[in-house]
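Protein chains: 2
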Amino acid sequence: MKPVPHVDALVFDVFGTVVDWRASVTKDVADVARGMKVQGDWQKFADEWRTGYHDGMRRVNAGEWPWMNVDLIHRRKLDELLPKYGLSGLDEPERDRLNRVWHRLKPWPDSVKGLSRLKKRYVISPLSNGNFALLTNMAKSAGLPWDCILSAELTGRYKPDPQAYQKSADLLGLARGRVLMVAAHVGDLRGAQAAGLRTAFVTRPLEYGHQGTPDTAGDPSFDVSAEDFIDLAKQMGV
Amino acid sequence: MKPVPHVDALVFDVFGTVVDWRASVTKDVADVARGMKVQGDWQKFADEWRTGYHDGMRRVNAGEWPWMNVDLIHRRKLDELLPKYGLSGLDEPERDRLNRVWHRLKPWPDSVKGLSRLKKRYVISPLSNGNFALLTNMAKSAGLPWDCILSAELTGRYKPDPQAYQKSADLLGLARGRVLMVAAHVGDLRGAQAAGLRTAFVTRPLEYGHQGTPDTAGDPSFDVSAEDFIDLAKQMGV
Numbered sequence: 007m008k009p010v011p012h013v014d015a016l017v018f019d020v021f022g023t024v025v026d027w028r029a030s031v032t033k034d035v036a037d038v039a040r041g042m043k044v045q046g047d048w049q050k051f052a053d054e055w056r057t058g059y060h061d062g063m064r065r066v067n068a069g070e071w072p073w074m075n076v077d078l079i080h081r082r083k084l085d086e087l088l089p090k091y092g093l094s095g096l097d098e099p100e101r102d103r104l105n106r107v108w109h110r111l112k113p114w115p116d117s118v119k120g121l122s123r124l125k126k127r128y129v130i131s132p133l134s135n136g137n138f139a140l141l142t143n144m145a146k147s148a149g150l151p152w153d154c155i156l157s158a159e160l161t162g163r164y165k166p167d168p169q170a171y172q173k174s175a176d177l178l179g180l181a182r183g184r185v186l187m188v189a190a191h192v193g194d195l196r197g198a199q200a201a202g203l204r205t206a207f208v209t210r211p212l213e214y215g216h217q218g219t220p221d222t223a224g225d226p227s228f229d230v231s232a233e234d235f236i237d238l239a240k241q242m243g244v
Numbered sequence: 007m008k009p010v011p012h013v014d015a016l017v018f019d020v021f022g023t024v025v026d027w028r029a030s031v032t033k034d035v036a037d038v039a040r041g042m043k044v045q046g047d048w049q050k051f052a053d054e055w056r057t058g059y060h061d062g063m064r065r066v067n068a069g070e071w072p073w074m075n076v077d078l079i080h081r082r083k084l085d086e087l088l089p090k091y092g093l094s095g096l097d098e099p100e101r102d103r104l105n106r107v108w109h110r111l112k113p114w115p116d117s118v119k120g121l122s123r124l125k126k127r128y129v130i131s132p133l134s135n136g137n138f139a140l141l142t143n144m145a146k147s148a149g150l151p152w153d154c155i156l157s158a159e160l161t162g163r164y165k166p167d168p169q170a171y172q173k174s175a176d177l178l179g180l181a182r183g184r185v186l187m188v189a190a191h192v193g194d195l196r197g198a199q200a201a202g203l204r205t206a207f208v209t210r211p212l213e214y215g216h217q218g219t220p221d222t223a224g225d226p227s228f229d230v231s232a233e234d235f236i237d238l239a240k241q242m243g244v
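This is how it looks when you write it as structure tokens:
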């Protein structure tokens, strides 16, 4: 087993790693649809919405779109999906409220407990592509005990662009090798590695539902590999 | 009495408003000097160091100096003060440690209790010229229960430049009039007003010591005027 890396801060991917975006979004969309007496496959809706998020960030990083934060990327995709699913009757305040479901995502069962343990020894922060307000509101509603909020919105580039990781370490006043990036996604951790950060892979087998095919193997080059945040805390000595 | 403004977030000046910078810095410098068997007026040292901070930010905002964060501004002034006070024997790690006294400032007795109450209803954040790492480390050492960390370092301009306030409200995803700036300093609140934020004045009669002459009168144009953070919480309905 590898020695645990000597770090001062742990920064976390959020969507999928800390919170269960798919179940939370599916439930909120289903609630809205029920109120409108519209039936549909709301898991598919959630998955399509999520695809729009990835696509939007890719376009921003590629320079095809100007900088826009994730609330805006989500909203563009939402306005595209609503007519497709028979929900075009939603008015502006209802669309705004639904778009903010991403501010109210629910944590995985071990997230708050694991983070609270890690916080005793380390600075803990999200390092998410989600915008600053989204992450701040989510922390408040979900009780995530972050020491600060780091977002790609502060760095002007979305992960896995190296600047997103490097500027975050700079803001923490830490050398890159003293920051451990935690994620359930191999691509995010490869980006963090390339930027000089240490890496911890955590499995989230249900991120894409029971039929999903999440990353669960990780990569032997990562510094830590953990089953969940309790296991991560244990391995990090807290 | 004015009606309490309807706001979603309270953002706080930190040095002097949340923490007692003068007593904290004086004590740490005195401890270092005692270890070196050097005598001096360490309150005066703290006051001079503080003057260097104001002067450095003014030069950055005026374009005389390139952007530099407060850790760097503090360090430049520290290196200037040490020989003057017979402390030039401090080596690099000792200077770095002393410079970080600003990361370890102690809160006023009512700060944590008042913030904890306010946090129940509002998003609470520092909005300080102190750099992001400084504010994050201070929150951890002093137990300040912030929801996020906002710093002039994220906005590229120091208060009272309007951008420092406006970009902070933007990051919170809030209209400027839904954000209340809390400070013990009239100049800071005038800057916040000019940028469209609401304002709360809190008196900190001992910021400059027993012989000091702090702002205590406030200004009738401020939305709220409070004796301390407990009084502020009460007035804000929590």
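Chains as they are written, first to last, in our numbering: chain D, 7 to 244; chain B, 7 to 244.
Where a beta carbon is used, it is the ideal one built from N, C-alpha and C, also for glycine.
Just so we're clear, the structure is a prediction, and the values are computed from it rather than from any experiment.
Hey, does residue i have any beta-carbon neighbour from chain D nearer than 8 Å?
i, result
"Val-129 (chain B)", "yes"
"Ile-79 (chain B)", "no"
"Gly-179 (chain B)", "yes"
Any beta carbon of chain B sitting closer than 8 Å to that of residue i?
i, result
"Phe-234 (chain D)", "What sits at residue 234 (chain D) in the sequence shown is Asp, not Phe. Answer no: the Cβ-Cβ gap between Asp-234 (chain D) and chain B never drops below 8 Å."
If the cut is a Cβ gap below 7 Å, which residues of chain B does residue i touch?
i, result
"Lys-160 (chain D)", "One point to set straight first is that residue 160 (chain D) is Leu, not Lys, in the sequence displayed. What Leu-160 (chain D) touches in chain B: Leu-160."
Show which residues of chain D have a CB atom less than 7 Å away from the CB atom of residue i.
i, result
"Asp-153 (chain B)", "Thr-142, Ala-145, Lys-146"
Note down, in chain order, every chain D residue with its Cβ under 8 Å from the Cβ of residue i.
i, result
"Phe-138 (chain B)", "Cys-154, Leu-177, Leu-178, Gly-179"
Can you list, in chain order, the residues of its chain with a C-beta nearer than 6 Å to that of residue i? Leave out the 5 residues immediately preceding and following it.
i, result
"Asp-6 (chain B)", "Only positions 7 to 244 of chain B appear in the structure, and residue 6 (chain B) is not among them; the question remains open."
"Ala-148 (chain D)", "Pro-113"
"Leu-133 (chain B)", "Val-17, Leu-156, Ser-174"
"Val-107 (chain B)", "Val-31, Asp-34"
"Gly-224 (chain B)", "Phe-207, Ser-231"
Go through its chain and collect everything with a Cβ distance to residue i's Cβ below 8 Å, but skip five positions before and after it.
i, result
"Ile-236 (chain D)", "Asp-116, Lys-119, Gly-120, Arg-123"
"Tyr-214 (chain B)", "Arg-28, Asp-53, Pro-220"
CB-CB under 7 Å to residue i, same chain, minus the five flanking residues each way: which ones, in chain order?
i, result
"Asn-137 (chain D)", "Asn-75, Val-76, Asp-77, Ser-157, Glu-159"
"Ser-211 (chain D)", "The residue you asked about is not Ser; residue 211 (chain D) is Pro in the sequence shown. Result list for Pro-211 (chain D): Pro-220, Thr-222, in chain order."
"Val-20 (chain B)", "Pro-132, Ser-134, Gly-136, Leu-141"
"Ala-126 (chain D)", "At residue 126 (chain D) the sequence reads Lys, which differs from the Ala that was named. So the list reads Val-244, once near-sequence residues are dropped."
May I ask whether a heavy atom of the ligand HEM can be found less than 7 Å away from the beta carbon of residue i?
i, result
"Asp-85 (chain D)", "As presented, the structure is devoid of all ligands, the ligand HEM included, so that no description of it is given."
- Task: Check whether the stretch 194-204 of chain D touches the stretch 173-183 of chain B, counting contact only when three or more Cβ pairs, one atom from each stretch, lie closer than 8 Å.
- Result: no
- Query: Taking the runs of the beta strand (DSSP E) that are 3 residues or longer, which of them lie wholly in the stretch 170-235 of chain D?
  - Reply: 185-189, 204-208, 230-232
- Task: Tell me, please, whether the stretch 41-56 of chain D touches the stretch 82-93 of chain D by the rule of three or more beta-carbon pairs shorter than 8 Å.
- Result: yes
- Message: Could you check whether the stretch 23-32 of chain D touches the stretch 211-218 of chain D, counting it as contact only if at least three pairs of C-beta atoms, one from each stretch, sit closer than 8 Å?
- Response: yes
- Message: As an exercise, report each continuous alpha helix (DSSP H) stretch of at least 4 residues that is fully enclosed by the stretch 122-155 of chain D, in chain order.
- Response: 138-148
- Whole alpha helix (DSSP H) elements within the stretch 14-44 of chain D, 4-residue minimum: 27-41
- Query: Per the contact definition of three or more C-beta pairs closer than 8 Å, is the stretch 41-51 of chain B in contact with the stretch 60-72 of chain B?
  - Reply: no
- Can you list the alpha helix (DSSP H) stretches of 4 or more residues lying completely in the stretch 63-105 of chain B, in chain order? 76-90, 98-105
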